[in-house]
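If you count the sequence shown from 1, position 20 lands on 195 in our numbering, and the numbers rise without skipping.
For glycine and all other residues, C-beta sits at the position ideal for the given N, C-alpha and C.
If you're wondering where the values come from, they're calculated on a predicted model, not measured in any experiment.
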Amino acid sequence: MNAIGLNHFLTLGAVLFCLGTYGVLTRRNAIAVLLSLELMFNAVNLNLVAFARFMPNLDGVVLAVFVIAVAAAEAAVGVALILSLYRNFRHIDLEQVDTMKG
């Protein structure tokens with residue numbers, strides 16, 4: 176019976192990060208871009224926790240908790256920006272929002 180090793184977690188993290196990168200580069204909807212960024216953050220967290228699980232120290236877990244806190248703040252700021260974008264332009268399509276109001 177094969178045990179799940181570090182390589183499995185790192186491969187899953189890399190796949191999730193690539194999916195998030197693809198979403199950021201191809202999506203025009205601001206909410207989809209924000210969700211793709213969160214997917215990328217979670218892929219990094221998965222790798223950090225996997226390293227912490229298979230290494231003797233707990234530095235990866237501490238760093239993962241810190242990244243979760245930063246991601247929560249990033250999500251709050253992102254949602255506030257999306258709401259402001261919708262109030263000003265009545266849509267959240269990033270292709271159509273290319274001008275700044277003064």
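Checklist line | Nearest-angstrom Cα separation, counted from T196 out to Q218 | finding: Correcting the residue identity first, residue 218 is Ala in this sequence and not Gln. Roughly 11 Å between the two C-alpha positions.
Item checked: alpha helix (DSSP H) segment containing E270, residue limits -> That residue, E270, is in no alpha helix (DSSP H); it is neither H nor E in DSSP.
Notebook entry, point to check: With 16 as the cutoff for other CB atoms within 10 Å, does G180 come out buried or exposed?
Noted result: Classification of G180: exposed, given that the 10 Å Cβ count is below 16.
Checklist line | One or two residues paired with N344 in a DSSP bridge | finding: Because residue 344 is not part of the residues shown, which for the chain are 176 to 277, the question remains open.
Checklist line | Where L256 falls: helix, strand or coil (DSSP) | finding: helix
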